[in-house]
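Encoded as structure tokens, the structure appears first; notes follow it.
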Amino acid sequence: MNINKLCIGSGLDEEVTGLVLKYNSMFEYDKISDKCNKLYMPATWEEGIRELQEYCGEDEDGIKMLTLCLYCLIHTYDMYQEKGIPDIIFWDTIKFIPRFMGKHKELYGKNAFTWAWWFPRQISMYEYRIGEYEYEFIEEDSIKKISLHIPSDANLKSGNIAAVFPFVQKYYPEYINADIVCDSWLMVPALTGLLPPGSNIVQFQKQFNIKSVDEDSLAFMDWIYQSRDIAYNDLPENTSLQRKVKEHLLSGGKIGWAYGIYKKQDIS
Numbered sequence: 263m264n265i266n267k268l269c270i271g272s273g274l275d276e277e278v279t280g281l282v283l284k285y286n287s288m289f290e291y292d293k294i295s296d297k298c299n300k301l302y303m304p305a306t307w308e309e310g311i312r313e314l315q316e317y318c319g320e321d322e323d324g325i326k327m328l329t330l331c332l333y334c335l336i337h338t339y340d341m342y343q344e345k346g347i348p349d350i351i352f353w354d355t356i357k358f359i360p361r362f363m364g365k366h367k368e369l370y371g372k373n374a375f376t377w378a379w380w381f382p383r384q385i386s387m388y389e390y391r392i393g394e395y396e397y398e399f400i401e402e403d404s405i406k407k408i409s410l411h412i413p414s415d416a417n418l419k420s421g422n423i424a425a426v427f428p429f430v431q432k433y434y435p436e437y438i439n440a441d442i443v444c445d446s447w448l449m450v451p452a453l454t455g456l457l458p459p460g461s462n463i464v465q466f467q468k469q470f471n472i473k474s475v476d477e478d479s480l481a482f483m484d485w486i487y488q489s490r491d492i493a494y495n496d497l498p499e500n501t502s503l504q505r506k507v508k509e510h511l512l513s514g515g516k517i518g519w520a521y522g523i524y525k526k527q528d529i530s
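263 is the number of the first residue of the sequence shown in the numbering used here; add one for each residue after it.
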């Protein structure tokens, strides 16, 4: 595996690929191996990213950091091979890069990579995309959990949360009894009163027991309206969801953020 293959396989566009290959030829990787190695363990993720950003210096569009993270992925691919995880999961997992960058370009009109803080999850093999969803293997207060993330291109109708079970049984048996949890605007109970019973969001939410709700969180706006810096009166109405939520907010209602646990937990 090499960086050129990673750019092609992940689906990065020609402009970004050209910049990545340019920076790749300039970096002295033997001098920063200790910094790169910190991206493989959660306890040193933040420290490693900070040190690599310092090494990059001026990096307004984040492409230098993207290049360093892709370099680290070369070893990640080797770890996939050692563990026997299929290549399709590797490629599906790292396609978050062009997906995130594509959304940034759509909103701001230029390429940029601003998610170096998120990338260690994939580099260290703590997160995988399996089917429609991403699953992050975490441990909080010595309790193992599988955190479910919903990619922007996920199809909630065909998405099968249980698709992760065979993967867990084969590659992460220590997580066999772990809860699958989801921390998302999609968990918010208020949505069930705004959307028809057969909506994909309502059907997705029904698969979880909602454990907590933060009604005052505005994070939902980043996902529904792409920004939380918009007055309610000026919120777009391009989709039925946007229209319903806007009407709800203008009438004094709240959306917020919520946390749920997947109902079907036995994967043994």
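Beta carbons: idealized from backbone N, C-alpha and C, even for Gly.
- Query: My guess is that threonine 391 and isoleucine 336 are in contact by the Cβ rule of under 8 Å, so how many angstroms apart are they, rounded?
  - Reply: Per the sequence shown, residue 391 should be read as arginine rather than threonine. Contact flag wrong, Cβ pair sits at about 19 Å.
- Closer than 6 Å by C-beta to aspartate 445: which residues in its own chain qualify, once you throw out the five before and the five after it? Chain order, please. Tyr521
- Task: With a cut-off of 8 Å on the beta carbons, I'd call proline 459 and isoleucine 472 a contact; round off their distance for me.
- Result: With 8 Å as the limit, proline 459 and isoleucine 472 do not qualify as a contact, their Cβ atoms being about 17 Å apart.
- Query: Alpha carbon to alpha carbon, what distance is there between leucine 511 and alanine 493?
  - Reply: 10 Å
- Message: With distance defined between alpha-carbon atoms, name the residue in Met327, Tyr433, Asn299 nearest to glutamate 344.
- Response: Tyr433
- Message: Run through the DSSP bridge pairs and tell me what arginine 361 is partnered with.
- Response: BP columns for arginine 361 are empty, so no partner.
- Task: Select from Asn439, Ile412, Gln504, Lys284 the residue whose C-alpha is nearest the C-alpha of leucine 453.
- Result: Considering only Asn439, Ile412, Gln504, Lys284, the residue with the shortest C-alpha distance to leucine 453 is Gln504.
- Message: Here's the rule: buried if 16 or more other CB atoms are within 10 angstroms of the residue's CB, otherwise exposed. What is phenylalanine 358?
- Response: Burial call: buried.
- Task: Assuming alanine 424 and lysine 526 form a contact by the criterion Cβ under 8 Å, report the distance between their Cβ atoms to the nearest whole angstrom.
- Result: Distance from alanine 424 to lysine 526 at the Cβ level is roughly 7 Å; contact confirmed, criterion being Cβ atoms closer than 8 Å.
- For the putative contact between glutamine 469 and tyrosine 524, defined by C-beta atoms under 8 Å, what is the C-beta separation to the nearest angstrom? About 6 Å separates the beta carbons of glutamine 469 and tyrosine 524, which is inside the 8 Å limit, making them a contact pair.
- Under a three-way DSSP split, which group does lysine 406 fall into? strand
- Message: Can you list, in chain order, the residues of its chain with a C-beta nearer than 6 Å to that of leucine 456? Leave out the 5 residues immediately preceding and following it.
- Response: Lys506, His510
- Provide the residue(s) that pair with tyrosine 390 in DSSP beta bridges, ordered along the chain. Its beta-bridge partners are Tyr397.
- Message: Please report the straight-line C-alpha distance between cysteine 298 and tryptophan 307, rounded to a whole angstrom.
- Response: 9 Å
- Task: Quickly, what does DSSP pair isoleucine 472 with across the bridge? List them, please.
- Result: Gly522
- Item | 8 Å contact criterion, which asparagine 286 and threonine 329 should meet: CB distance rounded | Right, their Cβ atoms sit about 5 Å apart.
- Task: Could you spell out where the alpha helix (DSSP H) holding valine 507 opens and where it closes?
- Result: 502-512
- Message: Which of the three DSSP states is assigned to isoleucine 442 in this structure?
- Response: In the structure shown, isoleucine 442 falls within a strand segment according to DSSP collapsed to helix, strand and coil.
- Task: Rank Ala374, Ser404, Ile356, Lys365 by C-alpha distance to the C-alpha of proline 382 and give the top, closest one.
- Result: Ile356
- Message: Using 8 Å as the threshold, is the C-beta distance between valine 443 and leucine 410 below it?
- Response: yes
- Using 10 angstroms around the beta-carbon of isoleucine 405, count the other beta-carbons present and answer buried if the total reaches 16, otherwise exposed. exposed
- Query: Since lysine 297 is in the alpha helix (DSSP H), which residue starts that stretch and which ends it?
  - Reply: Here the alpha helix (DSSP H) through lysine 297 covers 295-299.
- Return the CA-CA distance between methionine 288 and isoleucine 463, expressed in angstroms with no decimal places. So the two alpha carbons sit approximately 46 Å from each other.
- Proximal residues to methionine 387 (C-beta, below 7 Å), its chain only, five neighbours per side dropped: Thr338, Met341
- Which word fits glycine 346, buried or exposed, when buried means at least 16 other C-beta atoms lie within 10 angstroms of its C-beta? exposed
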